[in-house]
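Here the structure comes first, spelled out in structure tokens, and everything after it is commentary.
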Amino acid sequence: MMVVMMMMSMMEMMVVVMVGRAGDVDNGGGGRQEAEAGHCQWRRRRRWRNHGGVSGTGCAPPGVDPEAFAWFQAVDADGSGHISVRELKQALLNSNWTAFDDDTCLLMINTFDRTRSGRIDVYGFSALLRFIQQWRNLFQQFDRDRSGSISFSELQQAFSQLGYNLSPQFSQLLLARYAPRSPDPSIQLDRFIHICMQLQSTTEAFREKDTALLGNVRLSYEDFLTMVVTRML
Ligand SMILES: [Ca+2]
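Read in order, the letters of the sequence shown are residues -22 to -1, 1 to 211 in mature numbering (1 follows the signal peptide of the UniProt record, and there is no 0).
Below, the structure written as structure tokens:
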């Protein structure tokens, strides 16, 4: 299973997500939390039924795919009409069943948050779904051995195919920064999306300065800081 929300039907997905969350609870003192998770699962199922599931089209706003709308309602745990970073994090799992990391969720919310409110509406969410799907497809392409994660050699190939000319040392640096410590470190989908988004953003910033396309720029200290700060999503 990659991103849970993408791999199966909406109904199955929500159940698996909730089971996954409950399974994360420490058995030592987790009775209450498990009960809450069970309640949450039931609550979401009820809401799902109320809206007629994926096939229900009555409530989807114009321009929003009914499936994306049904998904939106399932992920919008508090029914506020918006998806928060926390709600997004609770809905996304990597292939190793770890939750998406906070930074990636925040980065994605900020990217699709048109009102700068720290949350996204159904239109932003619909766009975010397509965005994640595209990255997931790429991730699966680059994960050549189907291990569910991107190794050093796979990352090098991924960068090359994405048009980046980066040294092995740079890939090693990213693995050291983003992969869990291991003799053979590799990157899950959440970190892969994070790396690619930041790389894209900082590369654009660099190219704005590198007008002659020399691969080198001269920057003042404050220009450098401005470049970094404005690109930190
Ligand atoms: Ca792999």
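Note that the Cβ used here is the ideal one computed from N, Cα and C, for glycine as well.
Span separating the alpha-carbon of residue i from that of residue j
i: GLY30; j: ALA52; result: With a pLDDT of 36 at GLY30, under the threshold of 50, the predicted position of this residue should be treated as unreliable, though the coordinate-derived value follows. Approximately 12 Å, taken between the alpha carbons.
i: GLN176; j: ARG64; result: 21 Å
i: GLN19; j: ASP79; result: Low local confidence applies: a pLDDT of 29 at GLN19 is under 50, so the model's placement there is unreliable, with the coordinate-based value given in what follows. C-alpha separation (whole angstroms): 22 Å.
i: ALA(-1); j: PHE137; result: No answer about ALA(-1) holds up, because its pLDDT of 30 lies below 50 and its placement is not dependable.
i: ILE110; j: PRO146; result: 26 Å
i: PHE47; j: SER104; result: 7 Å
i: ASP81; j: TYR142; result: 23 Å
i: ILE171; j: PHE117; result: 9 Å
i: ARG185; j: ARG196; result: 12 Å
i: PRO163; j: ARG122; result: 15 Å
i: ASN194; j: ASP188; result: 6 Å
i: ALA154; j: PHE148; result: 10 Å
i: MET85; j: ALA190; result: Residue identity check: residue 85 is Leu in the sequence provided, not Met. The straight-line gap from Cα to Cα measures roughly 30 Å.
i: GLN150; j: GLN135; result: 13 Å
i: ARG114; j: ARG108; result: 10 Å
i: PHE50; j: CYS83; result: 15 Å
i: VAL3; j: SER62; result: Because VAL3 carries a pLDDT of 25, less than 50, the predicted location of this residue cannot be relied on, and the following value inherits that uncertainty. Between VAL3 and SER62, the C-alpha separation is close to 22 Å.
i: ARG124; j: TYR199; result: 44 Å
Residue j beta carbon less than 7 Å from that of residue i
i: ASN72; j: LEU167; result: yes
i: ILE165; j: SER127; result: yes
i: LEU144; j: ILE173; result: no
i: ARG159; j: ALA183; result: no
Residue range of the unbroken alpha helix (DSSP H) whose run includes residue i
i: ASP168; result: 167 to 187
i: CYS83; result: 80 to 90
i: ASN115; result: 100 to 120
i: ALA69; result: 63 to 69
i: PRO44; result: 44 to 53
i: VAL206; result: 199 to 209
Cβ distance (whole Å) where residue i is taken to contact residue j below 8 Å
i: PHE90; j: LEU106; result: 5 Å
i: LEU70; j: ALA77; result: 7 Å
Any contact of the segment 38 to 49 with the segment 93 to 103, i.e. 3+ C-beta pairs under 8 Å? Segments in contact, yes.
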